[in-house]
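All remarks here apply to the structure that follows.
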Amino acid sequence: MPATLLASAGTFARTPAHTAGVKVQAQPQAEVAVGTPADNVLGGLPPPGVNARSWVLVDATANQVLASGNANERVEPASLTKLMTAYLVFEALQSKKITMDQIVTPSEAVRRVKNDESRMFIEANKPVSVHDLVYGMIIQSGNDAAIALAELVGGSEANFVNMMNAEAQKLGMTHTHFADVNGMPDPNHYTSAGDLATLSARLIRDYPEYYDIFSVKEFKYNNIKQPNRNRLLWIDPTVDGLKTGHTQAAGYCLIASAKRPLASGGNRRLVSVMMGEEKEHDRVQDSLKMLNYGYSAYDTTRIYQANQAVATPRVFKGTLDAVKVGVQKDQYVTLPKGAADKAKPQVDLNSPLIAPLTVGQQVGTAKFVGADGKVLAQVPLVALEAVPQAGIVGRVWDSLMLMVNKKK
């Protein structure tokens with residue numbers, strides 16, 4: 007089955023090698039899973055049963071969906087909403103629009119946060135740093151912190167919500183619409199497991215300098231210490247994020263990400279999304295089961311290395327006779343265990359190649375083809391070096407060569 011790449015709707019022999027060092031809690035007699043069964047599996051072993059209403063497992067390294075159930079179903083995101091709030095705050099930090107040391111004076115709007123909501127306990131009109139607000143929103147899931155950050159970055163909550171929806175469209179989250187910055191129930195506030203997987207993978211990829219915050223186990227503000235609600239941080243040392251969510255309507259939700267070593271070097275990252283669990287315990291154990299399944303049932307292979315020539319085709323009408331072509335980023339594919347051994351790379355080049363060529367200009371396609379001839383993955387091939395146009399004599403000569411070759 008062709009690799010499923012992550013897109014708008016979540017369309018991205020057994021060995022214990024990848025699970026070494028992972029602590030798994032001893033479990034009582036397993037209950038029969040009553041959640042949504044898989045309706046999309048990359049191949050190989052079937053995934054374990056889970057109790058989630060909708061779910062998805064993606065390989066963020068290879069940008070592929072490994073398995074899912076009801077990934078496009080509309081669900082309430084609860085506090086997982088704050089991942090988009092964080093995404094936009096990280097963008098503002100990265101672009102220097104705001105800084106971690108910046109002092110913010112929260113408005114009266116933070117008083118709306120009720121006692122039964124998750125809070126970091128900031129006070130209206132009492133100065134607080136952006137650093138503390140970011141940590142309070144991510145680790146303590148503070149609704150008050152989300153409001154203060156939204157007002158800082160967007161000028162108002164309403165404008166920030168517009169920014170959230172614009173960014174969701176930009177990221178291809180076609181099953182998502184936001185109505186607030188923290189995830190309180192609203193009929194116009196919804197998403198899908200697939201869209202949340204897309205958002206999570208992009209957050210990790212686009213803002214690695216801030217991602218470590220999601221792995222912090224506790225944070226203290228105003229003399230109140232609160233633990234991270236992601237219990238997997240204590241259970242599995244390879245888990246380093248992302249976030250929990252819960253309302254009565256949404257159920258218990260968890261997006262978990264783990265990073266474990268690749269046999270060929272480097273690391274492989276999986277992201278599991280569990281939505282609508284009935285029990286808090288289930289979201290933890292189902293996430294752990296699904297992550298372990300992804301690492302044990304599938305292998306990720308680097309098929310092309312960044313900036314390494316995979317071919318050196320002829321170039322006409324240029325100052326060089328040939329050009330190095332390849333990919334500008336490492337390219338990976340994830341397949342059921344053993345399938346990669348039977349697959350092979352295939353290079354399809356545009357012909358003829360005519361100068362001038364610029365670095366990064368697409369000149370063909372690199373494919374990874376299975377034993378049955380099916381294309382498992384494909385990526386653009388680009389010029390790794392520039393080829394300026396030749397002088398008049400060289401261009402005329404190559405024009406003649408092209409005419410001769412065309413007649414053959």
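Plus 6 on top of the position in the sequence shown (first one is 1) and you've got our numbering.
Glycine included, each C-beta is placed from N, C-alpha and C at the ideal position.
| Query | Result |
| --- | --- |
| Residues near residue 248 by beta carbon distance below 6 Å, same chain, minus five either side | 206, 220, 261, 263 |
| Inter-residue Cα distance where the pair is residue 372 and residue 351 | 7 Å |
| Alpha-carbon spacing of residue 78 relative to residue 318, whole angstroms | 43 Å |
| 8 Å CB neighbourhood of residue 27 in its chain, flanking five on each side removed | Low local confidence applies: a pLDDT of 31 at residue 27 is under 50, so the model's placement there is unreliable, with the coordinate-based value given in what follows. These residues qualify, in order along the chain: 243, 244. |
| First through last residue of the alpha helix (DSSP H) which encompasses residue 299 | 286-303 |
| Cβ-based burial, residue 365 [other Cβ within 10 Å; buried from 16] | exposed |
| Exposure label - residue 91; buried when at least 16 CB within 10 Å | buried |
| Chain-order list of residues whose beta-carbon lies under 8 Å from that of residue 43 (same chain, five-residue window excluded) | 55, 75 |
| Pair within 8 Å by beta-carbon distance, residue 116 and residue 138 | no |
| Exposure label - residue 396; buried when at least 16 CB within 10 Å | buried |
| Whole-angstrom distance between residue 166 and residue 186, CA atom to CA atom | 9 Å |
| Extent of the continuous alpha helix (DSSP H) run through residue 127 | Taken as a continuous stretch (DSSP letters only), residue 127 belongs to no alpha helix (DSSP H), as it is neither H nor E. |
| Residue closest to residue 283, alpha-carbon to alpha-carbon, out of 199, 306, 161 | 199 |
| Supposed contact pair residue 201 and residue 181 - C-beta distance, whole angstroms, cut 8 Å | 5 Å |
| Contact check, residue 300 vs residue 315, beta carbons under 8 Å | no |
| Residue 291 to residue 223 span [Cα, whole Å] | 18 Å |
| Coil, strand or helix - residue 161 by DSSP | coil |
| Rounded separation between residue 109 and residue 326 - CA only | 56 Å |
| Residue 95, enclosing alpha helix (DSSP H) - first and last residue | 88-100 |
| Residue 330 versus residue 388 - alpha carbon distance | 9 Å |
| Expected contact under 8 Å - CB spacing of residue 305 and residue 340 to nearest Å | 7 Å |
| Segments assigned alpha helix (DSSP H), at least 4 residues, entirely inside the segment 144-228 | 149-160, 163-177, 199-212, 214-217 |
| Cutoff 8 Å; reference residue 362; Cβ partners in own chain excluding five residues on either side | 324, 392, 393, 394, 395 |
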